[in-house]
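Chemist: Chains as they are written, first to last, in the working numbering: chain A, 61 to 456; chain B, 61 to 456; chain C, 61 to 456. Provided herewith is a single structure, encoded as C-alpha cells, for subsequent inquiry.
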C-alpha cells in the first residue's frame, strides 16, 4: 500500500495548521459528538451563511411556494406578486404556529394560519388578525412573517437566516465566477436520492475533500479518475482573503467521458464545456453544507443537514441539460447508479470514523499529503467557533 | 377572516401581563421545550398541587386498590380497613422496589414487595421485614410506605404528593362551590380515550383556554356553541386572591341541547340543571392538568400528563348519569365521537404551535382580545417558577 | 414472611457504612440514573480496572483476532507473531476509523484500515501509510495502534485500558489464589446467553451480592441451596487491604449435586473438587462487572455492560470440562435452563428497583442482616467516586 517515493502530491499546501491539540493534528474528537457544539454550529454556521435550498424553476409563477427544513427551522419560499422570490420563517406571529404545512403548492393568494386564521399576503404582510382591537401597542404592519434573505445563482435558490450581513455575491462571488460561463440555470432535475448517515456533518465534508481514500474505498471511481489526477484550486480561509469555498478538479483517465458506470456517455455536454473541461470533474464544497460537482454532462449537488451530532441527512441531486432530458431514451441511471455506489461506500467509512471520535484514546490524527483541503476545512471550522456572538435575529 | 369592528370580546380582561420579553408578549419559547424546566415544573406544579387521579367508586371495598402514574412517580391508592382511601408512594422502603405491579386489584389484605418480601398492611404500616434484628437504629414503625395526601370531591380522588400544605378545599373550594349543587359523585364512567400529543403540556392548557381558534379549527363545535358566546368566570391568579382554576361557559346556539354530533340528546339531564345550565357548557382548567367540562347531560374530564417537554399524554373521560347508563339503548358515542373529532383537531394545531417554539426567530407572540385566559395562565405559570424552593418530601 | 427470631445471619458484618444520606442508609437514588455519573463510572471503573473479556483458546493461532466492545470503546485482541496475546484500541491513528469490523477472524497477517488503507502488523506497528512524506514531525514508529494491557488467568483474557497501574495479579491475586487449584483454563464454552436489562449496572451487582431475595424470587434456587446456607468470604474494601472482589459460597441441601433443574448431574466434576467443594457453589463479584460462579461441574460467568444509566447488557456464559463436552450425550440445558429462569427473575426485580430510584420520596433504604455484601459494594463504589482524577491515556 505504500506508494513509490516519488509519488509527490497533487495538493498544494495552504498555510499553517493549529486546529488540534498540537500543530499538524486533526481536531479534538469532541467536535464530532458534542451536542452543545452542534447547537452552536447550527447557530453560527447554518443560520448565518448562505445555504443552497432549492431551484428557482420550482417556483414558476406568482403564488407558487415551498417549505424547506433548515436545521430546526421551517423556511417558506414563495414567488411574490411582482415575480420575485421571497423567504420567510414559517411561523405565525400570533402564537408561533407553522403556517404552511405542505412541502409545496401553487397559485396561493395568501397564507392563512391553521390555528387562529391570521393571514399573510405573498409579501409576508399580516392582512388578517381578528379580535385585536383591544390590544395596545399592536399594529399589523409590525407583525408580518419574519423575512429571510433570498438570492439566486445558477438557477438555485439560496437563503440566509441572518437578516444582515454580506450578500450572496460577496460571500460566494469568487466561486460563481468560475462557473458563470455555464448556463446552469437551464439545467433540470433528473434524479434525487436521500441518505441517512450516522456521522457528524463535518466528517462528511472531510470525506468529500480528499481522494486519499479513493483507491481503497472507490475502485469504480478510481478507475475513471485516478486519485492522483487533477489539482486543487481553492480552500477555506478566514484570515486574509476569507474564502467560503474549497475544491479543485480530477481528470478522466484514458478516453473516459463522464462519471457513469461505463465511463462513457451519449448525453450532450453542457454548453460552454471546453476540451479541458470535458476531461474533468470539478468538485467544490460551499461552506457549510453544499457539495457542487460539475461533470461534462451533468451537475451533481449534495446537501448535508445535521439532525444530531452523530447523524446527517444527505440529499443528493442530479441536474441534466434540457436537451438530454428531452431525448426519448433519456436515462440518468448510469450516472446516478454509479454515484449511489460511491455515496454508500463513503457513508460506511464516515460512520466508522465517527465511532472512533468518542474513544478515550483518540488524541487527534495526522493529515497526509493528500489531505490539504481537509486540513484547511478543519482549521477554518475551528477558527469560526466563537468568532461571532449569539445571534438575535429579530428585535420586534 | 377579519371580524366586524363591533365584535367586542367575550372575555373580561384580568390584570396586567409581563410574562414575556415585554408587556403583552407571550412567554419565551424556551418554556415549551427546556428539559430542565420540565423537571422543575414536575417538582413545583405536579408534585405540589392537588391532582385529580381517579374515581372513588373504583375502590369500592376494603382492600381494593389502584396504581397511578403521576409524573415519574407511581402512586398506590387503597381502600383501607376502616373504609377510607389512602395513598402511598408505590415504593418499598427497603430497596426502593415497586411494591404493586398491577393497575388495579381487589380485596388485598396486605402488599408484599416482590423483591425481598417486605410487607405492608392496608394502612401502609410495615408488618414484615425479615432479618433486620442486627440493624441498629431500625424500627418497623419508621418504615411504613411513604403516605400521600388523598381527598375526594365530586366522586373524584385527588392526591397531593407534598406532605404538608393547603387542603383540597382550601385550594379548590371556590371552584367546588360552583358545582356542589350537582350530584357529580353519582356519575359513572361511560367512555375513555387516551391521546399521545407532541406538544408541551402548557400549549394544551392554552388551547383549552380560548375559543379564538374554534371558527377555523372546530366547525362542528362552532356550529353548536359559537365562539363568541358565553363569558369568562374566573382566571388563574397568584397575588391577591390566589386562584388555581380558570374558566367560564359557552352557550348553545338555536335549540341545541348538548355537545353531540347532532346537537341534541335524549339522555336525562344531570339533576340540578337549571334552565340556564341547560343552555351552557362549563369549561374549567384546574391547575395544573385537569380540564373539567360540564355538559347538561354528561361531564367530560381531561388529564394532561407530560412525559417530555414536547410530549403530553392526554386522558379523556366521559361520565354519565346512572339513569342514562341504565337505559337499554345507552350509547355515549354521539358525545364521545364529537369530542374525539374536536380533540384531534386541537392536537394537530398544538403540535404545529410546539414546532415554532424552538425557532430562532420566535420572540413571543401577541394575545388577542379572545385570549385573556391564556394570558392569565401564562402569567400565572411564569410567576410560579421559582416561587418555592426545592422540595424534600420525606425526612425519614 | 417474618423469619423466626433466631434465624441469625449467614453474612459477617464488614466495617461501618456511610454511603448514603445517613449511616446505615443505602446510597442516594441519583447514582442509579445520573447520566454524567455513568460517564464518570465508565472512565473511573470500566476503563481503569482489569476486565474479563474473553477466552484465550478463542485466539488459538498467530493472526487470530477478536474485537470486543468495552463501554464506548472497541478493543482488538490478537495472537501476535511470537504467540502472545496483545490488545489494542480498534482505532486507526490517521483519522480515528475502526480498523477491524468483524467480531472475530483467523490468520490475519496485518490489519488494514478500510478508509485510507493505513496498515498495522500483529504487534500494532504502523507498516503502511501512503503519502506522508511531506508531513513534518511524523515517524511511523510513533503511530502504531494504541496498546491496551492484556493478561490471562484461568483461561480468560483480561484487559485494562489504563496504560499504567497495578498488574492483574496485584489487583486480583488474592481472588485467583482461591481457585488456582482448579484447571479452569481447560474448560470450554458450552453455552451463552445475552440479556438486555432496564436497570443500572450497580443494581445488578447488588442483586448478585445477596440471597435475601432468594426465597421470594427464586423458589428453584432456594430449593437446591437454601438462602441461609453458606457463608461470606471476602468483600470490597478500599482502605486497609484494598480488595476488588467480593463473595462467598452457598451449600446444597439434601443430596443435591449442582445447580440444574433436577439438582443432580451425571457430568464429571471439575478436577480438584474436594468433598467440601462438591457441596458448594462459589459466587464472587470481580469489580466492576464480572460475576464468577463456580459449580462442582461447571463455571458460570456474567459480564455486565452498561449502555445507559438505566440499561445494562448482561452476557452469561457456561464453561464445562472437556470430558463432559466430549460425551455423546452432552447436554448443558439442565444448567443453562435453570439459570435462564433465575436470571430472568432477577432482571424483573432489578427493573422494579430501578424504577424507584427516581422517586422524590426515595431517601435511601436499609440493609438487612443478609445484605452485608451489598453494603460493602455500595460503600466501595461511593468511596471510589472521585478517588482519581480524569484519565489521559495517551500523550502521543
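Note that CB positions come from ideal geometry on N, CA and C, so glycine has one too.
Quick check: the region 340–351 of chain C against the region 102–118 of chain C, are there 3 or more CB pairs under 8 Å?
Modeler: As far as the Cβ criterion goes, the region 340–351 of chain C touches the region 102–118 of chain C, which means the pair count is three or higher.
Chemist: Is the distance from the Cβ of residue 417(B) to the Cβ of residue 89(B) below 8 Å?
Modeler: One-based indexing of the second chain puts residue 417(B) at position 357. One-based indexing of the second chain puts residue 89(B) at position 29. For residue 417(B) and residue 89(B), yes; Cβs fall inside 8 Å.
Chemist: Using a C-beta cutoff of 8 Å, does residue 168(B) count as contacting chain C?
Modeler: To locate residue 168(B), count along the second chain from 1; it is residue 108. So no, residue 168(B) is outside the interface.
Chemist: Just verifying my parser: in three-state terms, what is the DSSP assignment at residue 124(B)?
Modeler: Residue mapping note: residue 124(B) aligns to position 64 of the second chain, counting from 1. Coil at residue 124(B), not helix or strand.
Chemist: Among 228(A), 185(A), 216(A) and 104(A), whose alpha-carbon lies nearest the alpha-carbon of residue 207(A)?
Modeler: Within the first chain, numbered from 1, the residue matching residue 207(A) stands at position 147. Taking only the C-alpha atoms, the option nearest residue 207(A) is 185(A).
Chemist: With 8 Å set as the bound, which would you pick, yes or no: does the beta-carbon of residue 127(C) sit closer than that to a beta-carbon of chain A?
Modeler: Here residue 127(C) refers to the residue found at position 67 of the third chain. No, residue 127(C) does not count as interfacial toward chain A.
Chemist: By the 10 Å Cβ neighbour count, where 16 or more other Cβ atoms means buried, how is residue 366(C) classified, buried or exposed?
Modeler: Indexing the third chain from 1 puts residue 366(C) at position 306. It counts as buried.
Chemist: Just how far apart, CA to CA, sit residue 387(C) and residue 374(C)?
Modeler: Sequence index remark: in the third chain, residue 387(C) carries index 327 (1-based). Sequence index remark: in the third chain, residue 374(C) carries index 314 (1-based). In a straight line, the C-alpha of residue 387(C) is about 29 Å away from that of residue 374(C).
Chemist: Report the start-end ranges of each beta strand (DSSP E) in the region 337–376 of chain B that is 3 residues or longer and not cut off at the edges.
Modeler: The region 337–376 of chain B contains these whole beta strand (DSSP E) runs: 340–346, 350–354 and 358–368.
Chemist: Is it the case that the Cβ atoms of residue 385(C) and residue 252(C) are separated by a distance below 8 Å?
Modeler: Counted from its first residue, the third chain places residue 385(C) at position 325. Counted from its first residue, the third chain places residue 252(C) at position 192. In this structure, residue 252(C) does not lie closer than 8 Å to residue 385(C) by Cβ.
Chemist: Within 10 angstroms of its Cβ, does residue 81(C) collect 16 or more other Cβ (buried), or is it exposed?
Modeler: By 1-based counting over the third chain, the position of residue 81(C) is 21. Here the model assigns residue 81(C) a pLDDT of 41, short of 50, so the residue's position is not dependable and the matter cannot be decided.
Chemist: Identify which residue in 212(B), 354(B), 183(B) and 141(B) has its Cα closest to the Cα of residue 203(B).
Modeler: Position 143 of the second chain, counted from the start, is the residue given in the question as residue 203(B). The option with the nearest alpha carbon to residue 203(B) is 183(B).
Chemist: With distances taken between CB atoms, is the gap from residue 257(A) to residue 411(A) smaller than 8 Å?
Modeler: Mapped onto the first chain, residue 257(A) falls at position 197. Mapped onto the first chain, residue 411(A) falls at position 351. Cβ atoms of residue 257(A) and residue 411(A): closer than 8 Å.
Chemist: I think residue 135(B) touches residue 219(B), with their Cβ atoms under 8 Å apart; what is that distance to the nearest whole Å?
Modeler: As a working note, residue 135(B) is residue 75 in the second chain. As a working note, residue 219(B) is residue 159 in the second chain. About 6 Å separates the two Cβ atoms, so the contact holds.
Chemist: For the alpha helix (DSSP H) containing residue 97(B), name the first residue and the last one.
Modeler: For the purposes of this step, residue 97(B) is identified with residue 37 of the second chain, where counting begins at 1. Start and end: 95–101.
Chemist: If you draw a straight line from the C-alpha of residue 436(B) to the C-alpha of residue 302(B), how long is it?
Modeler: Position 376 of the second chain holds residue 436(B). Position 242 of the second chain holds residue 302(B). Approximately 12 Å, taken between the alpha carbons.
Chemist: Going along the chain, which residues of its own chain have a beta-carbon closer than 6 Å to the beta-carbon of residue 164(C), five neighbours each way excluded?
Modeler: As a first step, residue 164(C) is located in the third chain; it is residue number 104 there, counting from the start. Correct list, in chain order: 126.
Chemist: Using only alpha-carbon positions, find the residue among 304(A), 140(A) and 293(A) that is nearest to residue 231(A).
Modeler: Residue mapping note: residue 231(A) aligns to position 171 of the first chain, counting from 1. It is 304(A) whose Cα lies nearest to the Cα of residue 231(A).
Chemist: What do you get for residue 87(B), buried or exposed, if any count of 16 or more other CB atoms within 10 angstroms of its CB means buried?
Modeler: By 1-based counting over the second chain, the position of residue 87(B) is 27. Looking at its Cβ environment, which holds 16 or more other Cβ atoms inside 10 Å, residue 87(B) is buried.
Chemist: What does the Cβ neighbour count give for residue 331(B), buried or exposed, with the cut at 16 atoms within 10 Å?
Modeler: Translated into positions along the second chain, residue 331(B) becomes position 271. By the neighbour-count rule (16 or more Cβ atoms within 10 Å), residue 331(B) is not buried but exposed.
Chemist: Counting only C-beta atoms, is residue 436(A) closer than 8 Å to chain C at any point?
Modeler: As a working mapping, residue 436(A) is identified with position 376 in the first chain. No, its Cβ sits nowhere closer than 8 Å to a Cβ of chain C.
Chemist: Confirm, please, whether the CB-CB distance from residue 376(B) to residue 197(A) is below 8 Å.
Modeler: Numbered from its first residue, the first chain carries residue 197(A) at position 137. Numbered from its first residue, the second chain carries residue 376(B) at position 316. No, they are not a contact pair.
Chemist: Mark residue 324(B) as exposed unless 16 or more other C-beta atoms lie within 10 angstroms of its C-beta, in which case mark it buried.
Modeler: Taking the first residue of the second chain as 1, we reach residue 324(B) at position 264. Looking at its Cβ environment, which holds fewer than 16 other Cβ atoms inside 10 Å, residue 324(B) is exposed.
Chemist: Find the residues of chain B that neighbour residue 401(C), judging by a C-beta separation of less than 9 Å, and give them in chain order.
Modeler: Position 341 of the third chain, counting from 1, holds the residue named residue 401(C). Going along chain B, no residue has its Cβ under 9 Å from residue 401(C), so there is no contact; the nearest lies around 16 Å.
Chemist: Okay, do the region 148–157 of chain A and the region 414–430 of chain B touch, 3+ Cβ pairs below 8 Å being the bar?
Modeler: Because the criterion of three Cβ pairs below 8 Å is met, the region 148–157 of chain A and the region 414–430 of chain B touch.
Chemist: Do residue 321(C) and residue 205(C) have their CB atoms nearer than 8 Å?
Modeler: Residue mapping note: residue 321(C) aligns to position 261 of the third chain, counting from 1. Residue mapping note: residue 205(C) aligns to position 145 of the third chain, counting from 1. For residue 321(C) and residue 205(C), no; Cβs fall outside 8 Å.
Chemist: Can you tell me the Cα-Cα spacing of residue 150(A) and residue 179(A), whole angstroms?
Modeler: If you number the first chain from 1, residue 150(A) lands on position 90. If you number the first chain from 1, residue 179(A) lands on position 119. So the alpha carbons of these two residues sit roughly 12 Å apart.
Chemist: Beta carbons nearer than 9 Å to chain A: which residues of the region 154–179 of chain C have them?
Modeler: So the close ones are 154, 155, 156, 157, 158, 159, 161, 172, 173, 174, 175, 176, 177, 178 and 179.
Chemist: Taking only beta-carbon positions, decide if residue 316(C) is within less than 8 Å of chain A.
Modeler: Working through the third chain from its first residue, we reach residue 316(C) at position 256. Taking Cβ atoms only, chain A never reaches closer than 8 Å to residue 316(C), which makes this a no.
Chemist: Can you tell which of 360(C), 431(C), 409(C) and 392(C) has the C-alpha that lies nearest to the C-alpha of residue 216(C)?
Modeler: Your numbering for residue 216(C) matches position 156 in the third chain. Closest by alpha carbon: 360(C).
Chemist: Label residue 102(A) either buried or exposed according to how many other C-beta atoms from any shown protein chain fall within 10 Å of its C-beta, with 16 as the threshold for buried.
Modeler: Reading the first chain from its first residue, position 42 is the one you call residue 102(A). Under this definition residue 102(A) is a buried residue.
Chemist: Applying a beta-carbon distance threshold of less than 8 Å, which residues of chain B neighbour residue 425(C)?
Modeler: In the third chain, counting from the first residue as 1, residue 425(C) sits at position 365. Simply 152, 153, 154, 155 and 156.
Chemist: Note down, one range per segment and in chain order, each beta strand (DSSP E) of at least 3 residues found wholly within the region 289–330 of chain B.
Modeler: Whole beta strand (DSSP E) segments, 3+ residues: 291–294 and 305–311.
Chemist: For residue 446(C), which residues in the same chain have their Cβ closer than 7 Å to its Cβ, ignoring the five residues on either side in sequence?
Modeler: Sequence index remark: in the third chain, residue 446(C) carries index 386 (1-based). Closer than 7 Å at the Cβ level, and outside the excluded window around residue 446(C), lies no residue.
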